[in-house]
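Residue numbers (our numbering): 3 to 284.
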Ligand SMILES: NC(=O)c1ccc[n+]([C@@H]2O[C@H](COP(=O)([O-])OP(=O)(O)OC[C@H]3O[C@@H](n4cnc5c(N)ncnc54)[C@H](O)[C@@H]3O)[C@@H](O)[C@H]2O)c1
């Protein structure tokens, strides 16, 4: 099946980024937000980022306009009927995602693929809210989606081979790097990165060192391109804490639990770059 029209449900940080990637790959995108104003705001962000690509000479003004013309904003799930693939990027809540998938399966064609961008929920549990779990996969993009190449392509025990292969080929087609993986907590990257970042934060107190020094140590000693504290500021303390709690409840290992320092930062509203204050001031 040729995928030429993609639905993106939820045009928040991830959904807008995923929509932008699909638009730049020449696809028609039906973007669904709960209110039209939220959809318009997402279009504005995509316009802004594409504009920066034009300034840098990576895109022509005509290509930018054509990409934006391929974006159609809707508020109802029923309007996603003509999509061969729908990527869900709504709020990270199992019930909300299950309701979305249960509604989507009656909207799209029987052979359309349904994908979730969940970071830490079970793709299997989301798929089981539908009567056709064989057409559900995970497509886990990373933030910012237009910049980071990786997409984890997640297979559950129900996913059909045809659906998995088509989802994998789709990721290649949009110019990203697919990595196949099974539906296990945290998939690959978060399973490794979340406890590792938590260890780095614990070292701050155990070794009585400053965030700058942990960051410099990992950059200059382990050749990381960015230090762990700066990375948590970029991810968002709230997003990282939420993912840590999900992994901890799924796997029960102490290292998965968010360190007290991060919980204090979250309570104080020091969420990183997005609030202007995290381990660093912005
Ligand atoms: N932010 C990240 O770093 C990141 C990375 C990879 C994956 N994800 C995953 O992507 C998904 C979206 O995350 P985000 O960071 O873009 O969130 P966001 O807060 O920026 O956007 C959330 C979206 O959900 C919609 N929404 C909220 N409540 C809803 C409801 N009750 N019904 C339907 N839609 C509702 C909002 O309108 C918005 O479009 C989550 O599953 C998250 O785990 C996030």
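Heads up, the beta-carbon is just placed ideally off N, CA and C, and yes, glycines get one too.
Using the three-state DSSP reduction, which class does residue i fall into: helix, strand or coil?
i           : result
residue 127 : helix
residue 31  : strand
residue 218 : helix
residue 283 : strand
residue 88  : strand
residue 166 : helix
residue 263 : helix
residue 237 : helix
residue 74  : strand
residue 208 : helix
residue 213 : helix
residue 122 : coil
residue 37  : coil
residue 93  : coil
residue 184 : strand
residue 103 : helix
residue 194 : helix
On the CB-based measure, 16 or more other CB atoms within 10 Å of its CB, does residue i come out buried or exposed?
i           : result
residue 35  : buried
residue 3   : exposed
residue 157 : buried
residue 7   : buried
residue 22  : buried
residue 2   : An answer regarding residue 2 cannot be provided, because it is not within the stretch 3 to 284 covered by the chain.
residue 194 : exposed
residue 149 : exposed
residue 38  : exposed
residue 67  : exposed
residue 13  : buried
residue 142 : buried
residue 154 : buried
residue 189 : buried
residue 119 : buried
residue 211 : exposed
residue 50  : exposed
residue 222 : exposed
Could you compute how far the alpha carbon of residue i sits from the alpha carbon of residue j?
i           : j           : result
residue 124 : residue 161 : 13 Å
residue 130 : residue 98  : 14 Å
residue 56  : residue 19  : 17 Å
residue 94  : residue 60  : 33 Å
residue 264 : residue 71  : 42 Å
residue 213 : residue 239 : 14 Å
residue 104 : residue 132 : 5 Å
residue 151 : residue 225 : 20 Å
residue 46  : residue 208 : 45 Å
residue 84  : residue 113 : 11 Å
residue 181 : residue 17  : 20 Å
residue 199 : residue 234 : 8 Å
residue 192 : residue 202 : 15 Å
residue 268 : residue 52  : 32 Å
residue 106 : residue 77  : 13 Å
residue 146 : residue 115 : 23 Å
residue 219 : residue 206 : 12 Å
In chain order, what residues of the same chain lie with their CB nearer than 7 Å to the CB of residue i, ignoring the 5 residues before and after it?
i           : result
residue 102 : 11, 90, 92
residue 43  : none
residue 217 : 229, 230, 231, 232
If you drop the 5 nearest sequence neighbours on each side, which residues of the same chain put their C-beta closer than 6 Å to that of residue i?
i           : result
residue 5   : 86, 87, 172
residue 122 : 245, 248
residue 204 : 261
residue 187 : 249, 252, 253
residue 274 : 235, 238, 239, 280
Return the chain-ordered list of same chain residues with a C-beta closer than 8 Å to the C-beta of residue i, the five sequence neighbours on each side being excluded.
i           : result
residue 29  : 5, 6, 7, 8, 72, 176
residue 277 : 271
residue 159 : 126, 185
residue 117 : 87, 88, 89, 90, 138, 139, 140, 141, 169
residue 41  : 13, 33, 34, 35, 75, 76, 77
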